Amino acid sequence: MQARCPRGFVEWFDAFSEIGSTGDGGVDRMEATPANGAARRQLVAWMRETGLEVRVDRMGNIFGIAELAGPDAPLVMAGSHIDSQPFGGRYDGAYGVIAALAAATELKARFAGSEGAAKANLAVVAWTGEEGARFRTFLGSAAYVGRSDPDVELDRPDKDGVTAREALAAIGFLGKDAPPLFPSAYVELHVECGEMLETVGARLGIFRRWWGAHKIDIRFLGETSHTGPTPMARRRDALFAAARIIAVVRSMADEAPLALHTSVAKLIVEPNSQNAVPSAATLSVELRSADGDLIANCYRKLFEAIEAAAAEARVGYEIVRDDLRIPGTFSPELGAIAESVAASMGVKPVSADTIAGHDALMMSEVCPALMLTVPSRAGLCHHPDEWSDPADLQLGAAWLTGVLEELITR
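Note that our numbering numbers the sequence shown so that position 44 is 145, with each residue one more than the last.
Here it is as structure tokens:
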């Protein structure tokens with residue numbers, strides 16, 4: 102098979118990267134912001150220009166469908182997300198969506214008029230709110246697979262009190278279309294967001310498994326008072342309790358190097374005033390590992406630490422979020438197809454883990470799912486300096502096209 106990048110990919114990706122540009126190589130397209138709305142409108146315009154049927158469901162998920170084998174044929178789906186972190190990179194998510202659009206456009210042209218050649222239809226998807234920077238992580242894909250209640254998630258507010266329902270309506274993407282039925286296979290192409298491929302000198306990789314993650318939001322509840330005259334022994338400092346947990350969570354990772362990644366990447370302090378003892382502090386804890394038992398043990402230790410910190414600081418606490426994603430594996434059968442397609446292109450992909458979460462994890466609950474990846478320089482992701490070699494990006498897009506062709510014709 103000729104390793105040829107699908108037509109339109111380079112031009113579309115370069116143009117898409119300018120939407121929400123921060124001027125330093127990165128993008129700011131947090132979900133349902135004006136920049137995200139502009140990106141959505143451009144994607145829909147390209148889908149329609151290339152003859153795809155566009156659907157936008159109630160969660161704002163965008164589907165572009167190419168009917169290649171008739172209305173009753175199975176569906177193969179490919180895509181990712183186009184929302185970003187506040188200071189994100191232009192490759193994360195968008196690469197997979199634009200590559201899928203270019204692949205679908207090429208395959209649609211290739212199979213036009215070839216009755217019976219395609220056995221499945223093809224859909225390109227841009228999932229809503231994968232990043233979780235404004236609303237819940239996997240906002241669109243979790244609702245699609247039935248893992249979450251759409252009404253509950255749409256009515257959750259962001260930090261400014263704006264709900265996802267209101268935000269999507271404001272940009273014109275609170276859709277009413279029925280989403281397509283579950284596909285027979287889902288494929289997601291993504292930059293690695295890690296450094297393994299670059300370290301071993303590989304140009305293509307297959308994610309064989311994903312790390313699990315336990316995400317817990319803890320709100321410590323104290324009492325505000327003056328930071329000057331209030332005696333230390335009488336203070337009920339919620340931030341002091343949170344600080345204890347931040348240190349404990351980091352020590353967990355230090356005790357299990359390489360096997361466990363932890364973070365407290367978000368902290369909300371109230372009233373967040375220089376001369377007021379914090380009355381509340383909400384922190385977002387993450388425990389990530391490929392070892393489910395390790396995550397469970399650390400979760401137990403975390404709650405022991407929460408009780409101790411609350412007692413020491415003389416504060417109460419509540420758990421406002423407790424989400425567990427267990428470790429898992431992607432479809433071996435789809436992985437074998439990807440290996441075969443890569444071999445026909447003269448490239449040998451390596452096997453890798455994804456530590457970052459992706460919409461493909463949600464999709465694996467309803468159909469065989471596959472993740473393809475290309476190298477990220479220095480493993481950098483969620484940063485304006487995130488970068489992948491253009492030649493690798495084009496090779497990955499060609500690989501995706503070949504895998505999708507195999508899936509729709511077998």
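Beta carbons are placed, not taken as given, at the ideal position from N, Cα and C, and that holds for glycine.
Source: prediction; values computed, not measured.
- When DSSP reads this structure, arginine 248 sits in no beta bridge, so it has no partner.
- Note on alanine 227: 16 or more other CB atoms within 10 angstroms of its CB, so buried under the neighbour-count rule.
- Boundaries of the beta strand (DSSP E) harbouring alanine 286: 286-292, taken from the DSSP string.
- Burial state of lysine 449 is exposed, judged by a 10 Å Cβ sphere holding fewer than 16 other Cβ atoms.
- With distances taken between CA atoms, methionine 353 lies nearest to Arg389 out of Asp338, Leu368, Arg389 and Ala377.
- Proximity to valine 421 across Asp338, Ile120 and Ala381 peaks at Ala381, based on C-alpha coordinates.
- With at least 16 other beta carbons inside 10 angstroms of its own, proline 485 counts as buried.
- Checking the DSSP bridge columns, you'll see threonine 474 partnered with His291 and Gly306.
- In the DSSP assignment, the residues bridged to phenylalanine 164 are Arg156 and Val226.
- Within the same chain, Phe274 come within 6 Å of arginine 141 by CB-CB distance, once the 5 residues on both sides are set aside.
- When Glu487, Ala498 and Ala406 are compared, the shortest CA-CA separation from threonine 123 is found for Glu487.
- For the options Val370, Asp256, Ala397 and Leu462, the alpha carbon positioned closest to that of methionine 160 is the one of Asp256.
- Going by DSSP, serine 352 is part of the alpha helix (DSSP H) stretching over 339-356.
- Under the three-state reduction of DSSP output, aspartate 115 falls in the helix class.
- Distance from the Cα of phenylalanine 110 is smallest, within the candidate group Glu506, Ala492 and Val504, for Ala492.
- Approximately 6 Å separates the beta-carbon atoms of isoleucine 307 and leucine 473; this is inside 8 Å, confirming the contact.
- By DSSP's assignment, tyrosine 418 forms a beta bridge with Phe321.
- In the structure shown, glutamate 216 falls within a coil segment according to DSSP collapsed to helix, strand and coil.
- Distance check between arginine 304 and each of Ala444, Leu425 and Ser432 places Ala444 closest, using alpha-carbon atoms only.
- Between the beta-carbon of lysine 316 and that of aspartate 424 there is about 5 Å, and that keeps the pair under the 8 Å contact cut.
- Excluding residues up to 5 positions away in sequence, Ala406 lie with their Cβ nearer than 6 Å to the Cβ of valine 349 in the same chain.
- Cβ-Cβ distances below 7 Å link alanine 136 to Ile120, Gly121, Asp129 and Arg130 in the same chain, with the five nearest sequence neighbours on each side left out; the list follows chain order.
- With a cutoff of 9 Å on beta-carbon distance, glutamate 289 and alanine 414 are scored as not near each other.
- If you look at glycine 497, you'll find it in the alpha helix (DSSP H) that goes 491-510.
- By the Cβ rule, the region 151-166 counts as touching the region 265-284, because three or more pairs are nearer than 8 Å.
- Ranking Glu112, Ala219, Ile199 and Ala167 by CA distance to the CA of glutamate 507 puts Ala219 first.
- Spatial neighbours of lysine 367 in its own chain (CB-CB distance under 6 Å, excluding positions within 5 residues in sequence) are listed in chain order as Ser385.
- Where glutamate 387 is concerned, the enclosing beta strand (DSSP E) starts and stops at 381-390.
- In terms of CA proximity to leucine 395, Ala314 leads the group Asn373, Ala314, Thr430 and Gly241.
- Under the 10 Å beta carbon count, histidine 327 is surrounded by fewer than 16 other beta carbons and is classified as exposed.
- Contact annotation: lysine 209 and leucine 144 have beta-carbon atoms that are not nearer than 9 Å.
- Contact between leucine 176 and proline 284 holds: their C-beta atoms lie close to 4 Å from each other, under 8 Å.
- Between arginine 237 and aspartate 184, the CB-CB gap reaches or exceeds 9 Å.
- Across the structure, glycine 329 and serine 364 are spaced so that their CA atoms are roughly 32 Å apart.
- Contact between alanine 174 and alanine 205 does not hold, since their C-beta atoms are separated by about 15 Å, which reaches or exceeds 8 Å.
- Per DSSP, the continuous alpha helix (DSSP H) segment holding valine 301 begins and ends at 297-301.
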